[in-house]
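First comes the structure, then the notes that go with it.
There are 2 protein chains.
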Amino acid sequence: MEKIANRVSTIKGSAIREIFKVLANGNIISFAGGAPDPALFPADLMSDLAAGILKNEGALALSYGITEGYNPLKEEIIKRLKRQNIISENDNFIITTGGQQVIDLAAKSLVNEFDKVVVEDPSFIGGLNSFRSYNAILIPAPVLDDGLDLDYLEEKILKKEKIKLLYTIPTFQNPSGITMSLEKRKNLLDLAEKYDFLILEDNPYGELRFMGEDIPTIKSLDKLGRVIYAGSLSKVLSPGLRIGFCAADKNILEKMIVCKQVSDVHTPVLNQMLAHRVLCSMDFDKHIQKAQKLYGEKCAHMLACMDKYFPQGVKYTRPEGGIFIWVDLKKDIDTKELLKVAVERGVAFVPGATCMVDIEKPSNKLRLNYSLSTFEQIEKGIKILAEIL
Amino acid sequence: MEKIANRVSTIKGSAIREIFKVLANGNIISFAGGAPDPALFPADLMSDLAAGILKNEGALALSYGITEGYNPLKEEIIKRLKRQNIISENDNFIITTGGQQVIDLAAKSLVNEFDKVVVEDPSFIGGLNSFRSYNAILIPAPVLDDGLDLDYLEEKILKKEKIKLLYTIPTFQNPSGITMSLEKRKNLLDLAEKYDFLILEDNPYGELRFMGEDIPTIKSLDKLGRVIYAGSLSKVLSPGLRIGFCAADKNILEKMIVCKQVSDVHTPVLNQMLAHRVLCSMDFDKHIQKAQKLYGEKCAHMLACMDKYFPQGVKYTRPEGGIFIWVDLKKDIDTKELLKVAVERGVAFVPGATCMVDIEKPSNKLRLNYSLSTFEQIEKGIKILAEIL
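Sequence order for the protein chains is A and B. Everything in the first sequence is counted per this note's numbering, starting at 2 for the first residue and increasing by one. Everything in the second sequence is counted per this note's numbering, starting at 2 for the first residue and increasing by one.
Okay, here's the thing in structure tokens:
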């Protein structure tokens with residue numbers, strides 16, 4: 002008997018995370034990850050807070066918690082989301098073990114084997130792999146400068162086949178850095194209603210806008226409970242804590258809770274208490290403004306270096322927020338092969354193919370992250386990449 | 002279109018965790034949970050350790066980690082498991098977000114929809130629900146005084162149908178408290194080889210023996226890579242931290258790692274570092290001996306109270322370790338109905354039906370936990386239960 006279940010028999014680990022493992026012990030300049038700058042972590046404050054929690058409320062922090070999440074943290078995050086008009090009174094809400102778990106729970110709760118799920122192409126590999134791991138059929142839809150190509154979506158997909166769910170990162174998309182326009186967000190909701198599908202809105206970077214005007218989340222425009230909203234503290238506080246959250250229709254969330262119960266019972270209580278105390282103890286809006294400023298400067302610096310050093314003809318996005326730039330070499334170069342050369346020269350990036358629905362097809366695109374590296378590393382790394390190109 | 006995926010359309014949340022939610026704000030004596038006594042948590046030590054980690058290694062603790070787990074913790078746990086002859090050189094090993102995640106990852110990686118999985122009947126509801134949530138077909142096998150009924154297993158199940166996996170808690174089983182004999186463990190492995198199935202050995206309570214002789218784990222007897230071993234720090238250190246682990250054959254573990262990557266990326270780094278520092282900073286064997294002694298005394302106390310107060314004819318197990326006693330009322334009483342009366346009187350337990358494959362069938366059995374309550378609560382609670390009976 003074949004030991005491995007067919008839902009995961011062909012799926013491979015994230016190439017990005019494999020690179021990450023190699024990088025852990027090297028001196029490589031990594032534009033490959035998607036991590037915030039540790040310089041922004043309020044580690045000293047968190048040290049004091051963690052000590053206090055364990056000393057004064059150790060029994061609570063170390064015991065089992067409830068699956069839906071630690072109530073004070075839930076309330077604190079709900080307060081923030083309501084202030085930003087992201088969720089409404091009707092939304093139910095849970096804490097998850099990182100934003101990735103929202104995708105996983107939504108995929109498991111909603112998508113039958115061989116159900117069709119539309120995804121942006123390119124998209125976040127962790128999202129794509131989560132759907133793949135439940136034997137969903139991924140249908141790629143292109144991303145234009147103002148987000149998902151809705152004409153393509155309706156004409157080439159929705160008019161031809163029944164889809165169950167659409168997965169989108171509308172704001173500072175991973176990997177493209179592109180943001181979907183307000184008009185498109187409204188039209189997408191109309192399409193969801195017309196063709197009866199659900200939308201999973203993944204928004205880990207939404208608060209990291211360093212330029213331009215905020216655009217309402219799709220969730221905030223949704224009056225019919227069609228949007229499952231995934232948020233996270235990973236990019237604005239700490240990824241290692243693994244605190245994400247989900248706002249969704251009651252009936253959907255109920256099943257996601259059951260799935261969470263059998264997945265990890267609950268998100269670690271200490272981490273939830275710590276996140277709660279951080280949100281309450283510091284001016285968190287100011288903390289985010291600091292991150293916006295830093296990433297805005299790093300992004301501008303990387304773009305300036307690319308403008309200066311990259312050969313003519315190479316195209317790239319100019320994001321208004323988030324942590325990624327998407328590069329199109331416009332030449333017949335397989336960036337998977339290019340990566341090997343780059344790593345030898347001491348620079349890493351994410352080859353485009355790993356972000357596509359068809360991961361086997363060679364891609365001349367690549368993803369660059371600017372949040373983690375120092376300004377010096379950015380200049381040095383971009384110079385090296387330019388030389389290779 | 003039906004919104005909810007069929008794999009979870011009928012599954013319900015754990016009744017135990019629903020009770021748990023009610024209990025969170027009540028004065029009820031709870032024999033319903035499965036939690037360790039918070040008096041055993043080394044909270045002061047952990048307070049100091051967490052403060053030190055965040056102050057001195059904050060960037061590491063708060064950044065993304067690798068999916069397989071924080072290496073120093075892995076090595077420390079592997080060292081313990083090898084000393085106890087639980088794992089061998091050939092086993093691969095990962096850290097998980099609690100022991101529950103091992104079950105979930107194994108179910109997802111190995112079990113196709115409608116594959117047959119043999120489970121002990123009664124068994125751990127979190128395990129049963131995890132298999133249910135992947136549309137596995139559960140086949141119940143009775144548990145005798147010396148563990149799983151192997152004659153029944155071979156004659157009534159294995160000779161008739163192809164099974165993929167057998168899920169067992171051989172040591173101080175949840176909910177029965179029963180331990181599988183060494184001979185049966187060996188014979189079960191032979192059956193796995195003869196009928197070609199895998200064994201998921203769930204062993205969260207194994208170190209909590211307060212009476213009798215240790216029996217080798219099934220994993221330690223397995224020379225053919227048929228056993229996936231699930232362990233946890235939840236019962237011996239802290240459940241709220243959510244640190245579990247899995248030792249298994251390389252090919253199986255590889256797929257479980259991919260599933261973990263799309264589930265929660267990695268177990269929170271701070272928690273892993275904290276667990277590592279605890280294991281290194283204190284005499285952990287002595288800590289476990291303290292737990293063994295306390296739970297041995299609590300178990301003896303609960304049994305003495307039951308012997309004294311319970312009506313004649315009621316039967317119950319006398320475990321040599323772990324945290325549960327399984328009670329057979331031997332009368333035509335539905336313990337789900339009994340629970341309502343008991344909760345009104347201020348005592349909670351787990352009704353037997355929730356631990357069975359057929360959760361709808363009324364059961365005259367119930368599960369009692371003795372690890373969490375105080376000695377006074379145990380006496381008071383058992384007296385109340387006796388009165389109701």
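In this text, a Cβ means the ideal position worked out from N, Cα and C, and glycines have one as well.
What does DSSP give as the partner residues of residue i in its beta bridges?
i, result
"Arg210/B", "Gly322/B"
"Ile200/A", "Leu167/A and Val228/A"
"Gly400/A", "There is no way to answer for residue 400/A, as the model of chain A reaches only from 2 to 390."
"Ala349/A", "Ser31/A"
"Tyr153/A", "Per DSSP, none; premise fails for Tyr153/A."
"Asp92/A", "None, per the DSSP bridge assignment."
"Lys117/A", "Ile138/A"
"Gly148/A", "Leu145/A"
"Leu367/B", "Val328/B and Pro352/B"
"Lys316/A", "Asp329/A"
"Asp122/B", "Pro143/B"
Which one of the options has the shortest CA to CA distance from residue i?
i, options, result
"Lys56/A", "Ser89/B, Pro363/B, Ile229/B and Leu46/B", "Leu46/B"
"Ile244/A", "Asp223/A, His277/A and Gly213/A", "His277/A"
"Lys161/B", "Thr180/B, Leu183/B and Tyr196/B", "Tyr196/B"
"Lys224/A", "Tyr135/A, Arg84/A, Ala249/A and Tyr153/A", "Ala249/A"
"Tyr317/A", "Ile326/A, Lys309/A and Val263/A", "Ile326/A"
"Ser124/A", "Asp152/A, Phe94/A and Thr172/A", "Thr172/A"
"Ile379/B", "Ala107/B, Gly53/B and Cys300/B", "Cys300/B"
"Ala387/A", "Leu74/A, Tyr310/A and Ala107/A", "Tyr310/A"
"Ser221/B", "Glu202/B, Leu209/B, Leu238/B and Gly213/B", "Glu202/B"
"Gln368/B", "Arg346/B, Lys381/B and Pro320/B", "Note that residue 368/B is Arg in the sequence shown here, rather than Gln. Cα-wise, what sits closest to Arg368/B is Pro320/B."
"Asp265/A", "Ile96/B, Leu189/B, Gly314/B and Tyr371/B", "Ile96/B"
"Asn93/A", "Ile253/A, Asp38/A and Gln174/A", "Ile253/A"
"Cys356/B", "Tyr296/B, Ala142/B, Asn175/B and Ile200/B", "Asn175/B"
"Asp38/A", "Ile289/A, Lys332/A and Val328/A", "Ile289/A"
"Pro352/B", "Val315/B, Ala40/B, Ser372/B and Asp329/B", "Asp329/B"
"Asn188/B", "Asp147/B, Ser177/B and Asp215/B", "Asp147/B"
"Ile216/A", "Glu255/A, Ala193/A, Leu159/A and Gly322/A", "Gly322/A"
So, is residue i buried or exposed, given that buried needs 16 or more other C-beta atoms within 10 angstroms?
i, result
"Ala6/A", "buried"
"Lys366/A", "buried"
"Asn86/B", "exposed"
"Ser10/B", "exposed"
"Arg133/A", "buried"
"Ile389/A", "exposed"
"Lys236/B", "buried"
"Cys247/A", "buried"
"Pro240/A", "buried"
"Cys306/B", "buried"
"Phe91/B", "Here the sequence assigns Asn to residue 91/B, which means Phe is not the residue at that position. It counts as exposed."
"Pro405/B", "An answer regarding residue 405/B cannot be provided, because it is not within the stretch 2 to 390 covered by chain B."
"Glu345/A", "exposed"
"Lys261/A", "buried"
"Pro312/B", "exposed"
"Glu208/B", "buried"
With residue i and residue j assumed to form a contact (beta carbons below 8 Å), what rounded beta-carbon distance in angstroms separates them?
i, j, result
"Gly100/B", "Pro205/B", "5 Å"
"Gln293/B", "Phe211/B", "5 Å"
"His267/A", "Tyr135/A", "Their Cβ separation, rounded to whole angstroms, is 22 Å, which puts His267/A and Tyr135/A out of contact at 8 Å."
"Lys165/A", "Leu111/A", "7 Å"
"Met274/A", "Ala62/A", "5 Å"
"Val263/A", "Leu238/A", "So it is not a contact: roughly 27 Å between Cβ atoms."
"Glu114/B", "Glu3/A", "The Cβ separation is near 14 Å, so there is no contact."
"Val144/B", "Ile179/B", "6 Å"
"Asn272/B", "Pro141/A", "Asn272/B to Pro141/A, Cβ: 37 Å. No contact."
What in chain D is Cβ-close to residue i, meaning under 8 Å?
i, result
"Ser134/A", "No chain D is part of this structure, whose protein chains are labelled A and B."
_Proximal residues, the segment 259 to 271 of chain A versus chain B, C-beta separation under 7 Å_ = Within the segment 259 to 271 of chain A, the qualifying residues are Val259, Cys260, Gln262, Val263, Ser264, Asp265, Val266, Pro269, Val270 and Leu271.
_chain A contacts made by the segment 170 to 204 of chain B, where a contact means CB separation under 9 Å_ = Taking 9 Å as the Cβ-Cβ cut-off against chain A, the residues of the segment 170 to 204 of chain B that qualify are Asp197, Phe198 and Leu199.
*According to a CB-to-CB cut-off of less than 7 Å, which residues of the segment 88 to 106 of chain A neighbour chain B?*
Per Cβ criterion, the list reads Thr98, Gly99, Gln101, Gln102 and Asp105.
*asked:* Closer than 9 Å between beta carbons: that is the criterion. Which residues of the segment 52 to 73 of chain A meet it against chain B?
replied: Residues Ala52, Gly53, Ile54, Leu55, Lys56, Asn57, Glu58, Gly59, Ala60, Leu61, Ala62, Leu63, Ser64, Tyr65, Gly66, Ile67, Thr68 and Glu69.
*Could you please tell me which residues of the segment 363 to 386 of chain A, in chain order, have their CB closer than 7 Å to any CB of chain B?*
Residues passing the 7 Å Cβ filter: none.
_Against chain A, which members of the segment 229 to 248 of chain B pass a CB distance test of less than 7 Å?_
Considering only beta carbons, the part of the segment 229 to 248 of chain B lying closer than 7 Å to chain A consists of Ser239, Pro240, Gly241, Leu242 and Arg243, in chain order.
*Taking any Cβ of chain B, which residues in the segment 283 to 310 of chain A have a Cβ under 9 Å from it, in chain order?*
Result list empty, no residue passes.
*Positions along the segment 110 to 125 of chain B whose CB lies within less than 9 Å of some CB in chain A*: Look at the segment 110 to 125 of chain B: the residues with a C-beta under 9 Å from a C-beta of chain A are Ser110, Leu111, Val112, Asn113, Glu114 and Asp116.
*asked:* Any C-beta of chain A within less than 8 Å: which residues of the segment 335 to 367 of chain B qualify?
replied: Listed by position along the chain: nothing, the set is empty.
_Contact list for the segment 29 to 45 of chain A against chain B, Cβ threshold 9 Å_ = Hits within the stretch, in order: Gly34, Gly35, Ala36, Pro37, Pro39, Ala40, Phe42, Pro43, Ala44 and Asp45.
*Name, going along the chain, the residues of the segment 318 to 332 of chain B whose beta-carbon falls closer than 8 Å to a beta-carbon of chain A.*
Within the segment 318 to 332 of chain B, not one residue has a Cβ closer than 8 Å to any Cβ of chain A.
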